[in-house]
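Protein sequences appear in the order of chains C and Z.
For my numbering, count along the first sequence from 1 and bump the result up by 3.
For my numbering, count along the second sequence from 1 and bump the result up by 3.
Glycine is no exception: its CB is placed at the ideal position from the N, C-alpha and C atoms.
2 protein chains.
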Amino acid sequence: MKAYQEMNRGELTAERAALQQEFDGYKAKGLKLNMARGKPGADQLALSMPMLDVLNSGSDCKDEGIDCRNYGELTGIPSAKKLFGEVMGVSADEIIIGGSSSLTMMYDCMSRAMLKGVLGSEKPWGKYDKVKFLCPVPGYDRHFTICEFLGIEMINIPLTEWGPDMDLIEKLVAGDETVKGMWCVPKYTNPLGGTYSDEAVRRIAALKPAAKDFRIFWDNAYAVHHVYKDTRLLNILDECKKAGNPNMVYMFGSTSKITFPGAGVGYMAMSKENVEFTAKQLNAQAISWDKLNMLRHVRYFKNADGLRAQMDKHAALLRPKFDAVLKALDSELAGRGAGRWVKPDGGYFVTYIAENGCAKRIVSLCKEAGVVMTNAGATHPYGKDPDDCYIRIAPSFPTPEELSLAMQIFCVSVRLATVEKLLGA
Amino acid sequence: MKAYQEMNRGELTAERAALQQEFDGYKAKGLKLNMARGKPGADQLALSMPMLDVLNSGSDCKDEGIDCRNYGELTGIPSAKKLFGEVMGVSADEIIIGGSSSLTMMYDCMSRAMLKGVLGSEKPWGKYDKVKFLCPVPGYDRHFTICEFLGIEMINIPLTEWGPDMDLIEKLVAGDETVKGMWCVPKYTNPLGGTYSDEAVRRIAALKPAAKDFRIFWDNAYAVHHVYKDTRLLNILDECKKAGNPNMVYMFGSTSKITFPGAGVGYMAMSKENVEFTAKQLNAQAISWDKLNMLRHVRYFKNADGLRAQMDKHAALLRPKFDAVLKALDSELAGRGAGRWVKPDGGYFVTYIAENGCAKRIVSLCKEAGVVMTNAGATHPYGKDPDDCYIRIAPSFPTPEELSLAMQIFCVSVRLATVEKLLGA
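As structure tokens, this is what we get:
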């Protein structure tokens with residue numbers, strides 16, 4: 004097969020005409036397909052339906068003597084701290100169990116930091132003329148939305164499958180006390196799918212930031228969400244302790260993609276000192292979160308092994324979908340000089356890296372043919388991918404049939420956009 | 004019966020000795036009783052247990068086609084908007100259904116106002132050197148905690164059973180654009196138990212604040228929580244519309260004291276314009292709240308009448324407890340010149356108004372004898388009741404037997420503190 008870059012103008016023009024015809028054929032079908040959001044599929048949701056039977060009118064609803072139906076226990080119930088602490092690799096006094104969303108907990112931590120500061124802050128972050136956050140890219144759009152909403156300046160940090168550019172990070176944090184933190188999705192990164200190497204984790208834990216109140220927002224959203232391989236990730240809190248930075252990290256997680264998105268349990272893990280400090284701040288905003296839902300989760304899973312067994316079932320349902328995406332990319336695009344892609348070990352996404360300057364056009368073509376993709380640029384702060392090359396593919400929600408069709412359309416769109424680009428159209 | 008103020012020193016000294024003996028007798032029992040928090044009793048929680056059967060593994064979990072088990076619907080599911088909109092007296096597009104706590108929604112609204120401003124703000128509230136809130140007193144301590152945490156200066160406004168001092172409010176809001184808002188618990192006020200009169204509501208709705216982004220935080224926590232009488236409260240949003248101030252009010256409510264505290268559903272009602280503005284801001288902090296719990300509530304109650312029927316059952320359980328408190332106050336304290344109290348129509352509290360300068364001592368004596376009361380001063384901003392006279396009694400959580408004993412101890416403590424005060428001890 005001849006790569007597009009090796010074709011002459013005549014060959015490219017002929018290819019474009021053929022692709023356009025194929026594309027128009029799909030377009031005529033008036034399809035409505037969606038590969039935009041990392042939503043679990045209906046088959047995955049079905050896995051957790053028995054959890055709805057766990058608490059019923061005959062239940063005692065007590066956890067170590069605490070009535071989960073009444074006010075109290077701001078930081079969560081003991082059994083949930085134990086279970087999710089084990090999942091996060093921390094002890095029960097190093098975790099706060101919250102409401103149904105870890106994203107909301109991240110926003111809350113950030114907004115409290117802006118309004119009041121964190122443990123060790125000289126003043127609230129919002130009192131600086133400018134506050135900056137380091138953002139490994141490609142990354143998760145909703146992290147960037149939080150920063151943008153709060154007026155926090157974001158700095159792009161190149162990310163590979165093995166972690167972010169640590170030389171650059173070390174340099175940036177050392178020289179500027181307004182660099183207050185960093186976003187990380189360390190395992191099965193959103194959207195690349197790789198996992199931070201031991202070296203990357205250790206270097207992050209050992210950072211010596213100019214800002215004494217620097218915080219790593221460690222969004223371990225996919226801690227147990229393997230698809231092909233349960234990848235090893237070092238425990239950042241352990242590493243921070245070893246490096247003398249025990250309070251530098253906030254770890255986040257939730258059961259949104261373990262049980263029910265939006266109706267699961269969110270949690271954040273951190274040093275005991277950070278837990279105590281945070282609990283005092285939380286006292287202004289809540290009396291307690293939903294303890295019945297915590298109890299429902301604990302009694303359903305029983306222990307971390309129960310939770311992991313459920314994750315194996317999720318993986319079994321997700322694998323054919325990831326296979327379908329990767330197979331389509333391999334068969335339709337390999338060798339064409341039309342971008343590249345990363346095979347993830349787990350998580351919810353496949354990243355397609357287009358030829359520079361093609362991503363927006365590809366997403367736009369897909370939309371024209373009835374396939375909604377995540378916006379090109381969403382992988383970067385301010386929605387601006389400087390190379391216009393990253394596209395996040397989310398295979399989990401469509402049915403296999405929808406996915407197969409959507410990927411055909413995606414690959415035609417990729418080829419068409421790549422050829423157009425080369426033709427200077 | 005002779006009032007303490009009419010007794011001579013000898014009579015008071017004898018009374019003190021007798022009371023001290025009675026007090027020591029209670030103290031020797033080493034009791035542990037609590038009348039501090041407005042927590043529903045176990046019998047009230049039992050009312051909602053059938054709600055835990057409503058969703059189970061056989062349920063479809065769909066609301067007008069929306070799968071409540073997955074992400075989406077940031078402002079809540081349609082059926083919940085309809086139900087709780089009816090409870091709040093607004094249409095379905097004038098309400099946002101949130102997580103499990105209206106207190107958290109109030110904190111969120113306030114913190115977003117500080118960080119970003121509200122609809123119509125020239126700048127975020129946090130960008131002013133000083134922001135002020137009007138606080139009718141006695142009031143709810145957690146409202147005051149939010150302001151104190153966020154550095155908002157609080158101004159005491161005298162409150163009677165019929166509403167706050169409107170002359171003072173009108174004057175303060177008209178002359179100062181840094182007066183950005185006001186807390187109100189309009190029905191069965193916390194802790195007085197009265198309800199704002201039609202005139203008070205109309206004057207609040209017709210305020211002409213210097214601040215164009217003035218907001219009334221209308222915490223209608225006890226909208227349907229009658230005990231003795233279902234009191235009429237005018238709809239503040241309707242009145243604000245009539246007065247040309249449609250965006251001036253945020254109304255809050257939750258099912259915390261309808262179903263399960265902390266595991267219920269919180270909501271806020273406001274103009275359609277405010278809903279749209281708020282939803283845009285919320286997009287930075289959440290994808291969606293717990294729609295399964297919304298659905299569980301809707302399917303359990305079916306409609307507003309179903310919810311009201313449950314409130315009649317709550318009232319039937321609470322009434323004997325309120326009776327016990329009021330009976331003890333009447334029989335032990337009436338005619339003694341030892342403070343006064345307010346018979347509430349509903350809500351969760353009875354307010355006892357001590358002789359000036361006695362409240363702290365009474366609460367301290369109660370504690371000594373094993374009865375925990377809400378801290379004296381908690382009814383006022385910064386925990387400072389200038390007359391040291393307000394005590395909030397929460398009858399809902401103890402059993403009737405505990406309550407009866409706790410009230411005996413309370414009344415002895417009141418008498419002892421009052422006599423001590425007169426003796427200048």
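Distance, Cα to Cα, C:Ala209 vs C:Asn277? Sequence index remark: in the first sequence, residue 209 of chain C carries index 206 (1-based). Sequence index remark: in the first sequence, residue 277 of chain C carries index 274 (1-based). So the two alpha carbons sit approximately 18 Å from each other.
Bounding residues of the alpha helix (DSSP H) (the contiguous stretch that carries Z:Ser82): Here residue 82 of chain Z refers to the residue found at position 79 of the second sequence. It spans Pro81 to Met91 - the alpha helix (DSSP H) in which Z:Ser82 sits, taken as one unbroken run.
So, at 7 Å on beta carbons, what are the nonlocal neighbours of Z:Cys369 in its own chain, with the 5 sequence-adjacent residues on each side left out? Taking the first residue of the second sequence as position 1, residue 369 of chain Z is located at position 366. Closer than 7 Å at the Cβ level, and outside the excluded window around Z:Cys369, lie Met376, Ile412, Phe413 and Ser416.
Pull up the distance between the alpha-carbon of Z:Glu67 and that of Z:Arg302, whole angstroms please. Reading the second sequence from its first residue, position 64 is the one you call residue 67 of chain Z. Reading the second sequence from its first residue, position 299 is the one you call residue 302 of chain Z. Roughly 13 Å separates the two Cα atoms.
Quick one: list the residues of chain Z neighbouring C:Met314, beta-carbon separation under 9 Å, in chain order. Counted from its first residue, the first sequence places residue 314 of chain C at position 311. None at all; the shortest Cβ gap to chain Z is about 17 Å.
Once the 5 residues before and after Z:Gln8 are set aside, which same chain residues still bring their CB inside 6 Å of it? Position 5 of the second sequence holds residue 8 of chain Z. Excluding positions up to five away in sequence, the list reads Gly340.
Reduced DSSP secondary structure (H/G/I, E/B, other) of C:His229: Numbered from its first residue, the first sequence carries residue 229 of chain C at position 226. Reduced to three states, the DSSP call for C:His229 is strand.
For C:Met157, count the other beta carbons within 10 Å of its own beta carbon; 16 or more makes it buried, fewer makes it exposed. Which is it? Taking the first sequence and counting its residues from 1, the one referred to as residue 157 of chain C is at position 154. The residue is buried, with at least 16 neighbouring Cβ atoms inside 10 Å.
Have a look at C:Thr163 and C:Asn193 and give me their C-alpha separation to the nearest angstrom. Reading the first sequence from its first residue, position 160 is the one you call residue 163 of chain C. Reading the first sequence from its first residue, position 190 is the one you call residue 193 of chain C. Straight-line Cα distance between these residues: approximately 11 Å.
Would DSSP call Z:Asp241 helix, strand or coil? Numbered from its first residue, the second sequence carries residue 241 of chain Z at position 238. Correct three-state label for Z:Asp241: helix.
Over the uninterrupted beta strand (DSSP E) stretch that includes Z:Pro139, give me the two end residues. Your numbering for residue 139 of chain Z matches position 136 in the second sequence. Run containing Z:Pro139: Lys135 to Val140, per the beta strand (DSSP E) assignment.
Ignore the nearest five residues each way along the sequence and tell me which others in Z:Ala331's own chain have a CB closer than 8 Å to its CB. Taking the second sequence and counting its residues from 1, one reaches residue 331 of chain Z at position 328. Within the same chain, Z:Ala331 has close Cβ partners Ser407, Met410, Gln411, Phe413 and Cys414.
Using a Cβ cut-off of 8 Å, pull out every chain Z residue sitting near C:Lys294, in sequence order please. The count along the first sequence starts at 1 and reaches residue 294 of chain C at position 291. Here the neighbours are Gly265 and Ala266.
C-alpha gap between C:Gly380 and Z:Thr234, whole angstroms: Within the first sequence, the letter at position 377 stands for residue 380 of chain C. Within the second sequence, the letter at position 231 stands for residue 234 of chain Z. Spanning the two alpha carbons is a distance of roughly 55 Å.
Identity of the residues DSSP links to Z:Trp344 by a beta bridge: On the second sequence, position 341 is the one that residue 344 of chain Z refers to. Z:Tyr355, per the DSSP bridge assignment.
Supposed contact pair Z:Glu371 and Z:Thr421 - C-beta distance, whole angstroms, cut 8 Å: Within the second sequence, residue 421 of chain Z is the residue found at index 418, counting from 1. Within the second sequence, residue 371 of chain Z is the residue found at index 368, counting from 1. Not really, about 16 Å apart at Cβ, beyond 8 Å.
Which same chain residues end up closer than 7 Å to Z:Ala318 when comparing Cβ atoms and leaving out the 5 residues on each side of it in sequence? What you label residue 318 of chain Z is simply residue 315 of the second sequence in a count that begins at 1. His229 and Val230.
Of all the residues that make up the stretch 73-91 of chain Z, which are near chain C by a beta-carbon distance shorter than 7 Å? Asn73 and Tyr74
Between which two residues does the beta strand (DSSP E) carrying Z:Phe220 extend? Looking up residue 220 of chain Z in the second sequence gives position 217. Per DSSP, Z:Phe220 belongs to the beta strand (DSSP E) from Arg218 to Asp222.
If you drop the 5 nearest sequence neighbours on each side, which residues of the same chain put their C-beta closer than 6 Å to that of Z:Glu180? Translated into positions along the second sequence, residue 180 of chain Z becomes position 177. Cβ within range, chain order: Ala213 and Ala214.
Environment of Z:Asp144 [buried if 16+ CB atoms lie within 10 Å]: Along the second sequence, read from residue 1 onward, the residue named residue 144 of chain Z stands at position 141. Buried, because 16 or more other Cβ atoms sit within 10 Å of the Cβ of Z:Asp144.
Interface residues of chain Z facing C:Lys42 [CB-CB closer than 7 Å]: Locating residue 42 of chain C in the first sequence gives position 39, counting from the first residue. Within chain Z, the residues near C:Lys42 are Asn73 and Tyr74.
Between C:Ala83 and C:Ile100, what straight-line distance do the alpha-carbon atoms span, to the nearest angstrom? On the first sequence, position 80 is the one that residue 83 of chain C refers to. On the first sequence, position 97 is the one that residue 100 of chain C refers to. Going from the Cα of C:Ala83 to the Cα of C:Ile100 covers about 7 Å.
For C:Ala116, does the three-state DSSP call read helix, strand or coil? On the first sequence, residue 116 of chain C is found 113 positions in, with the first residue counted as 1. DSSP places C:Ala116 in helix when its eight states are reduced to three.
Residues near C:Gly92 by beta carbon distance below 6 Å, same chain, minus five either side: Stepping through the first sequence from its first residue, residue 92 of chain C is reached at position 89. The answer, listed in chain order, is Asn238.
Nearest chain C C-beta to Z:Ile412 closer than 9 Å, yes or no? For this step, residue 412 of chain Z is matched to residue 409 along the second sequence. Not closer than 9 Å to any Cβ of chain C, the Cβ of Z:Ile412 fails to qualify, so no.
Between Z:Leu153 and chain C, is the shortest Cβ-Cβ distance under 9 Å, so that the two count as touching? Locating residue 153 of chain Z in the second sequence gives position 150, where the first residue counts as 1. Chain C, which has a Cβ nearer than 9 Å to the Cβ of Z:Leu153, makes this yes.
For the beta strand (DSSP E) containing C:Pro323, name the first residue and the last one. Counting from 1 along the first sequence, the entry for residue 323 of chain C is found at position 320. That residue, C:Pro323, is in no beta strand (DSSP E); its alpha helix (DSSP H) goes Ala307 to Leu336.
For C:Asp27, tell me which candidate among C:Asp111, C:Gly373 and C:Leu298 has the shortest Cα-Cα distance. In the first sequence, residue 27 of chain C corresponds to position 24, counting from 1. Taking only the C-alpha atoms, the option nearest C:Asp27 is C:Gly373.
Quick check on DSSP: helix, strand or coil for C:Lys374? Against the first sequence, residue 374 of chain C aligns to sequence position 371. Looking at the sequence provided, one finds Val at residue 374 of chain C rather than Lys. Strand at C:Val374.
Going by the DSSP bridge assignment, what does C:Gly486 pair with across the sheet? Residue 486 of chain C lies beyond the range of chain C shown here (4 to 428); nothing can be said about it.
CB contact below 9 Å: Z:Tyr110 versus chain C: Walking along the second sequence from the start, residue 110 of chain Z turns up at place 107. By this cut-off, Z:Tyr110 is an interface position.
Neighbourhood of Z:Leu329 by C-beta, 7 Å cutoff - its chain only, sequence neighbours within 5 removed: On the second sequence, residue 329 of chain Z is found 326 positions in, with the first residue counted as 1. So the qualifying residues of the chain are Lys346 and Val353.
Own chain, CB closer than 6 Å to C:Ile149, minus 5 neighbours either side, in chain order: Position 146 of the first sequence holds residue 149 of chain C. For C:Ile149, where only same-chain residues beyond five positions count, the Cβ hits under 6 Å are Tyr110 and Met113.
Going by beta-carbon coordinates alone, are C:Ser60 and Z:Met52 separated by less than 9 Å? Counting from one through the first sequence, the residue named residue 60 of chain C turns up at place 57. Counting from one through the second sequence, the residue named residue 52 of chain Z turns up at place 49. Going by C-beta atoms, C:Ser60 is nearer than 9 Å to Z:Met52.
Does the distance from the CB of Z:Asp222 to the CB of Z:Phe255 come in under 9 Å? Within the second sequence, the letter at position 219 stands for residue 222 of chain Z. Within the second sequence, the letter at position 252 stands for residue 255 of chain Z. Against a cut-off of 9 Å, the Cβ pair of Z:Phe255 and Z:Asp222 comes out as a contact.
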